[in-house]
Amino acid sequence: MCGAKSKSLAFTGLLLNCLELIFSANTGLSVSIYDVTSQSISLRWPKFSGASSYRVTATAVNTVGHSLLAHFSDVTFKTTLTSLIPNTVYAIQAEAIDKNGIILAETQITQSTAPDIPVIDQAYSKLSNSITVEWRAVPGATGYVLTAQDGDSFIETVVKNSPGTVTGLKPATLYRITIRSINSGGKSQPSPFRKAKTVLAAPILSVSSPNCDSIALSWKAVYMAAGFSVSLMRSDGLGRMLRENTTNTSLIFTNLDPGTLYTIKAYAWNANGMPGDDFTYNQRTIPCAPVNISIEEDEPGHLLVSWSSVSFGHYYVVFVKSDDGLEVHCNTSYTQCHFQSDCGFTYFISVFAYNKAGQSPLGDVFNYTTAPCCPSDFRAVFVSSDTVRVTWAPVRGADLYETRAAAWSTVVLCNDTAPTCTLSALQCNTRYHITVHSFSEARGSNTSCAPKHVATAPCSPEIKNVSKEGLSVISVQWQSNNEDATYVVTARGEAGLWHCTSTGSSCTLTDLPCGSAFSVSAIARSPAGQSLPSYSVPLETAPCCPNDLILTQVTQSVTNISWSAGKGAQTYVTTLESPKGQAKCGTLQNYCLLGCITCGTNYTVSLKAISETGLTSSCTYQGYSSSACCPSGVKLYRLSNNGIRVFWRASDETINYSTDLRGSKGNFTCTPSTGQSHCDITEIPCGDVYTVVVAPLTDKDLKLTFCPKKIYSVTCSGSSVGMVIYRGKSNAEHI
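Next comes the structure, spelled out in structure tokens:
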């Protein structure tokens, strides 16, 4: 439509260019022609200075007696000359006249009128986008303009002669058709219109061959169509034509020859039965779909698809689509194809045969599910020496997992839908082959899963003997029943933890504290893990020796021994031993009195701390020397000059003695030189009773307090000491 309209506008522009402004070289008055029809010429001119009116005369050239005169005032600058003869050349003279009737300027031009108006004989449509028009030729016409108008829109086209066709129209649409003749002078007026309707559009076919003996057609609805006619025949002319009329928009031709090219023609008709455009299409029936399709997994990761050969099939294409949407295909002239496959996938497989006609119909779509994937990253964690927990990441395609632990003739199984399993009741110190098999309902088990080798933890050792090797040294022995194991023995008690380690069957615990109770157990360790601990064996160390032991001589033959408590000790036995004899005392207390002590004797001091269960610690301390013996035969003698001599028999001449006299009138002390057995006290008051004690001095010049005390009365003879009379021993404990 646009093309035809463009041609018409181009022609009109060309014509107006031919009617351009014409100037009078003599006068300067100019006249232009702006429209020409079969019986009219339209002119215009500019205002001429001084003119009060204008006069235009048109005279037919070569036609006698036909002229036209027009007179205009000075306010009119254009006119249309009518009632002219079509297809005739006119000489046109224009004059500018002043108010006195004098011609101020003039000019003359020639112009031909357009041809006469043609008359349409008939207008009709054979194609849905065009209307053909027939008319009688018009003298002098060099061409014709055909116009098809639909409402406000129209399409024009220029033709040479009858018949002419307007194209670019809409199907099944009613148009008003007019025609105008044209020559170098212009265009005639439009002819009386004729109505014409374009025929229906052709149905646009979608053609396929669903199987090897049929062709299926479908098309969209056609505007204003009451029905459709479809014909089909072999393109080689053999056989008969098949024709079907229908009001539907689809049709199937059956019982056709496979692999054969057919020509298909279709058109629509309207309610009056008038046919529209037709549509022609060539379609070949195609080969039949391959049959006897088989699928097998000849080895893990490879699928083999095979089928029977197809008549008229030149080659085959196999499409394999996995359930994750990925699709691959194989082109082959053989009847089998190999594909790579992954575990745990379902594949949908279709096979097409091809020839020059194209693709065969879709046959049966097969599906094949590969075996589920093997858990390749499973790991085993020991819960205890006889229990292992196996975990893995879920794998594609698995509905169930079987965990198998095999060692020698023993097999432990665990089935679960979860990606974990706990294997219990395993043998300690045993190497197991652990395999996780995955199962699916569609394919069963994946038997290609590789095992992992896992060794269980060592067996628990059994402590056979615990013995003392020394005061704080304990030897522990056990039965070694593991390979490549290290044993750790632990003594656990309130005092803390003590350990010893060995790869053999015994080890020694050292520096155990005395007087403590322990629980001794052993474990075995290996790269596979740690055993359960052995049964515990009680252990008690010997009681501790008292840190402090104090000996105090109570009498010349009795010594008191006291000590601090020894941890873990219940009973104590103390012993003082010398060549002259032995003194021993057993007690539950932390002190003891030892009798039968020989004065002035060196003793060896020992103590045994005994626990409640009879464990004994022998404790040896620094030697002990009993004090020197008290002197015997203590007597008092009167001396001249109011003096008193104390006399005794010394037990050892190397001992120093101290003499004390105590009375109501005073206390007196004297210390003789070493080796002397008497001591003199001068100026002692008479007439008093004195208590006399002679005691040996210790190394620190301390006096013993347990030597006997004797009582003497000293009388007066005048003012001097008189008689000294022995009165016996004192009952006082000490002076």
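Sequential numbering from 44 applies to the sequence shown in the working numbering.
Using N, Cα and C, we set each Cβ at its ideal position, and we do this for glycine too.
Bridge partners - residue i, DSSP secondary structure assignment
{"i": "Phe296", "result": "Ile258"}
{"i": "Ile593", "result": "Ser605"}
{"i": "Trp178", "result": "Ile163"}
{"i": "Met267", "result": "Looking at the DSSP assignment, Met267 forms no beta bridge with any residue, so it has no partner."}
{"i": "Leu552", "result": "Ile517"}
{"i": "Gln402", "result": "Tyr397"}
{"i": "Gln625", "result": "Glu620"}
Where residue i falls: helix, strand or coil (DSSP)
{"i": "Asp442", "result": "coil"}
{"i": "Gln379", "result": "strand"}
{"i": "Tyr390", "result": "strand"}
{"i": "Leu217", "result": "strand"}
{"i": "Arg486", "result": "coil"}
{"i": "Ile65", "result": "Residue placement at Ile65 is flagged as unreliable, the pLDDT there being 35, under the threshold of 50; the coordinate-derived value follows with that caveat. Strand."}
{"i": "Val104", "result": "coil"}
{"i": "Asp367", "result": "coil"}
{"i": "Gln154", "result": "strand"}
{"i": "Trp312", "result": "strand"}
{"i": "Asn699", "result": "coil"}
{"i": "Glu655", "result": "coil"}
{"i": "Trp34", "result": "It is not possible to answer for residue 34, since the shown part of the chain is limited to 44 through 778."}
{"i": "Leu147", "result": "strand"}
{"i": "Tyr664", "result": "coil"}
{"i": "Asn410", "result": "strand"}
{"i": "Leu682", "result": "strand"}
{"i": "Asn326", "result": "Contrary to the premise, residue 326 reads as Gln rather than Asn in this sequence. Strand, per DSSP."}
{"i": "Glu287", "result": "strand"}
{"i": "Val764", "result": "strand"}
{"i": "Leu637", "result": "strand"}
{"i": "Pro728", "result": "coil"}
{"i": "Ala468", "result": "coil"}
CB of residue i within 8 Å of CB of residue j, strictly
{"i": "Ala244", "j": "Ser251", "result": "no"}
{"i": "Ile84", "j": "Thr156", "result": "yes"}
{"i": "Ser224", "j": "Val162", "result": "no"}
{"i": "Gly302", "j": "Asn458", "result": "no"}
{"i": "Asn603", "j": "Thr595", "result": "yes"}
{"i": "Ser605", "j": "Glu505", "result": "no"}
{"i": "Gly211", "j": "Asn172", "result": "yes"}
{"i": "Arg422", "j": "Thr434", "result": "yes"}
{"i": "Ser488", "j": "His476", "result": "no"}
{"i": "Thr430", "j": "Thr465", "result": "yes"}
{"i": "Ser428", "j": "Leu575", "result": "yes"}
{"i": "Ser510", "j": "Gly536", "result": "no"}
{"i": "Ala139", "j": "Leu147", "result": "yes"}
{"i": "Ser403", "j": "Cys331", "result": "yes"}
{"i": "Ala441", "j": "Phe388", "result": "no"}
{"i": "Leu189", "j": "Thr200", "result": "yes"}
{"i": "Gly183", "j": "Asn143", "result": "no"}
{"i": "Phe271", "j": "Ala311", "result": "yes"}
7 Å CB neighbourhood of residue i in its chain, flanking five on each side removed
{"i": "Gly765", "result": "Cys729, Thr758 and Cys759"}
{"i": "Leu248", "result": "Leu260, Trp262, Ile307, Ala309, Phe322 and Tyr324"}
{"i": "Lys203", "result": "Gly186"}
{"i": "Asn69", "result": "Residue confidence is low: Asn69 scores 42 on pLDDT, short of 50, so the model does not pin down where it sits. Its coordinate-derived value is still stated next. The answer is none, since no qualifying residue turns up."}
Beta strand (DSSP E) segment containing residue i, residue limits
{"i": "Ser817", "result": "The question about residue 817 has no answer, for the chain in this structure spans 44 to 778."}
{"i": "His721", "result": "His721 to Ile724"}
{"i": "Ser234", "result": "Note, Ser234: premise wrong, no beta strand (DSSP E); not H, not E."}
{"i": "Gln520", "result": "Val516 to Gln522"}
{"i": "Arg432", "result": "Thr430 to Thr434"}
{"i": "Ser427", "result": "Arg422 to Ser427"}
{"i": "Ser136", "result": "Before going further, note that residue 136 is Gln rather than Ser in the sequence given. From DSSP, the beta strand (DSSP E) with Gln136 extends over Val132 to Ile140."}
{"i": "Ile506", "result": "Glu505 to Gly513"}
{"i": "Gly186", "result": "Gly186 to Asp193"}
{"i": "Asn458", "result": "Thr453 to Asp459"}
{"i": "Thr712", "result": "Gly709 to Cys713"}
Nonlocal neighbours in the same chain, by C-beta distance under 8 Å from residue i, ignoring five residues either side
{"i": "Asn293", "result": "Checking the sequence shown, residue 293 turns out to be Ser, not Asn. Contacts found: Ala259, Leu260, Ser261 and Trp262."}
{"i": "Cys642", "result": "Gln599, Ser600, Ser669, Ser670, Ala671, Cys672, Cys673 and Ser694"}
{"i": "Gly666", "result": "Asn645, Tyr646, Thr647 and Val648"}
{"i": "Glu370", "result": "Phe362, Val363 and Lys364"}
Any C-beta of chain D under 8 Å from that of residue i
{"i": "Val353", "result": "Reference to chain D is not applicable here, since this structure consists of a single protein chain."}
Proximal residues to residue i (C-beta, below 6 Å), its chain only, five neighbours per side dropped
{"i": "Gly56", "result": "A caution first: Gly56 carries a pLDDT of 37, below 50, which makes its placement in the model unreliable, though a value can still be read off. Taken in chain order, the list of residues that qualify is empty."}
{"i": "Ser773", "result": "Thr734, Lys752 and Ile754"}
{"i": "Lys623", "result": "Thr641 and Thr644"}
{"i": "Pro418", "result": "Trp435, Val438 and Val479"}
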